[in-house]
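Okay, so here's the structure we're looking at.
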Amino acid sequence: MIRNRVRKTDRGLHSEANMRKVVELVERRMSLRNAAELKTIKSTTLHRYVQKKKATPSYALCFDTLETRRLAYEMAKYHNLKIPKAWKERQMAGIDWLYGFRKRHPEIKLRKPKACSLSRATSFNRHNVQTFFDNLFDILQRYPNFGEGTRVFSLDETGTSTVQKPKKIFASKSSRQLNKVIIVTLVTTCYIVSAAGSALLPAMVFPRKNFKTHLLTGVFSGALGLTQPTGWMSGELLANSHLARDVLNIAKENGVILLTIPPHTSQKLQALDVSVFGPFQNFYNAAINSWMVWHPGQTLTIYNVAELVGQAFDKSATPSNIKSGFKKTGIFPFDRDIFTEDEFLTSEVTNRSLTEEAQLQSRNHKTPKIDNQQLSNSRV
């Protein structure tokens, strides 16, 4: 079978972009014949593409190469098509068919899916997102001063450990395994950024019972150091989804409006997750790699983490990254239609909405009225 057949004529050849435009004209209520004459395309060809578009909506693809070949065989058998003997023996289409399929459909790429829990995949649905934006819109309507961006803040934490994620390195083919000695210790780093592009100095939670000033050696002056035996945020620090009772009381007394995003949707609605934490982890890992090169034989401990966080923070918490995160999430500038229908496809598995408890958390902004003096210091 010829994999790379050379086309001898240009008869019936149309670019993909041109065909998409013509199909869109038909979808906008232009007659099929008029659209074909406008773009000098045969009406039968255009009809085939229009029917193809209707029969193949933008469903999420979830087949690997073997599953695709098996599906092709099943479809061919179902439609009583003539198939090679090898297909019947292996119960799947051949590798040559797969090459041809990918060549005929260049818009379909073989990609490695990102690991995602069922809760995360299904919680990001239209209902939950619209509920969040309804709450945010309500706040912006009640407090117009938030519209300028300088009073809108986002808070989230990320793990910063003493573990380096080694990059690929060149080595002899005879080397079967390459090792780098690592010891796992987790330090939680908390970011607080504003929609205007500014960032407060990070807060770091160390896995210790008592705080020592040398834990913050090398980080910016003014950074906040906290301790907790596990290294994670706790109820006393700012936990229980950031809704501990003391936190709510302090926010109420100081005119701060707290609005939480729906559970398991931070990958889309949390500005820090979208555009800051990715670069931060890359720069942090690069800083660890540099430290290990300059300190051979030494063990990276939590006493070195603050210095490395400081290096990564300076490079990742840039105004452009921060503003990009707020814009991509639709928080600032406010845009409730920032997400397309394709982005909600994975949630159609269950199409479940928020639980009553999560809804109460998401609507916690319904605090008592705040006087003008409090509003002057308000943050959301």
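Numbering-wise (the numbering used here), the sequence shown opens with residue 16 and increments by one. The beta-carbon is built from N, C-alpha and C at its ideal position, and this holds for glycine as well. Values in this document were obtained by computation on a predicted structure and should not be read as measured data.
Ser335 sits exposed, since fewer than 16 C-beta atoms from the chains shown fall within 10 Å of its C-beta. Using a Cβ distance threshold of 7 Å, Phe147 and Pro277 count as a contacting pair. Taking a 10 Å sphere around the C-beta of Met219, we find 16 or more other C-beta atoms and assign the residue as buried.
Secondary structure note for Ser176: its beta strand (DSSP E) is the uninterrupted segment Phe168 to Ser176.
Cβ contact annotation for Val37 (same chain, cutoff 7 Å, sequence separation greater than five): Ala50, Lys54, Ile56 and Leu61, in chain order. Each residue's CA atom was taken as its position, placing Ser290 and Gly340 some 5 Å apart. By the C-beta density criterion, Gln313 is exposed, having fewer than 16 other C-beta atoms within 10 angstroms. In the structure shown, Ala211 falls within a coil segment according to DSSP collapsed to helix, strand and coil. DSSP places Leu239 in no alpha helix (DSSP H) but in the uninterrupted beta strand (DSSP E) bounded by Leu239 to Thr242. Beta-bridge partners of Thr146 (DSSP): none assigned. No Cβ-Cβ contact shorter than 7 Å links Leu315 with Thr204. The beta carbon of Gly162 lies closer than 7 Å to those of Leu155 in the same chain, with the five residues before and after it left out. Between the beta-carbon of Ser331 and that of Phe359 there is about 29 Å, and that puts the pair past the 8 Å contact cut. Within 10 angstroms of the beta-carbon of Phe292 lie 16 or more other beta-carbons, which makes it buried.
An exposed status is given to Asn95, since fewer than 16 other beta-carbon atoms sit within 10 Å of its beta-carbon.
For the segment 41-102, the full-length alpha helix (DSSP H) segments reaching 4 residues or more read 47-53, 58-70 and 80-93 along the chain.
When DSSP states are grouped into helix, strand and coil, Thr316 belongs to the coil group. At a Cβ-Cβ threshold of 7 Å, Ala327 and Ala302 count as neighbours. Comparing alpha carbon positions, the residue from Asp329, Gly246, Pro348 and Arg117 closest to Ala210 is Pro348. The bridge partners DSSP lists for Met34 come to none. Assignment of Thr165 by DSSP, reduced to helix, strand and coil, places it in the coil class. Distance from the CA of Tyr299 to the CA of Leu231, rounded to the nearest whole angstrom, comes to 16 Å. Assigned with DSSP and collapsed to three states, Met307 falls in helix. In the structure shown, Val220 falls within a strand segment according to DSSP collapsed to helix, strand and coil. Phe221 sits close to Thr242, with the two beta carbons spaced by under 7 Å.
Pairing Leu263 with Gly237 gives a Cβ-Cβ distance that is not under 7 Å. Scanning Leu201, Glu268 and Thr165 for the CA closest to the CA of Thr173 turns up Leu201.
Note that the C-beta distance between Tyr88 and Ala108 is below 7 Å.
In this structure, Glu39 is the residue among Gly345, Thr80, Arg84 and Glu39 with its C-alpha nearest to the C-alpha of Lys67. Asn140 is the residue among Asn140, Arg166 and Gly164 whose C-alpha sits nearest the C-alpha of Thr280. For Val271, the three-state secondary structure derived from DSSP is strand. Only residues of its own chain outside the window of five on either side were considered, and among them none has a CB closer than 6 Å to the CB of Asp329. According to the DSSP assignment, Arg117 belongs to the alpha helix (DSSP H) that extends over Ile110 to Arg119.
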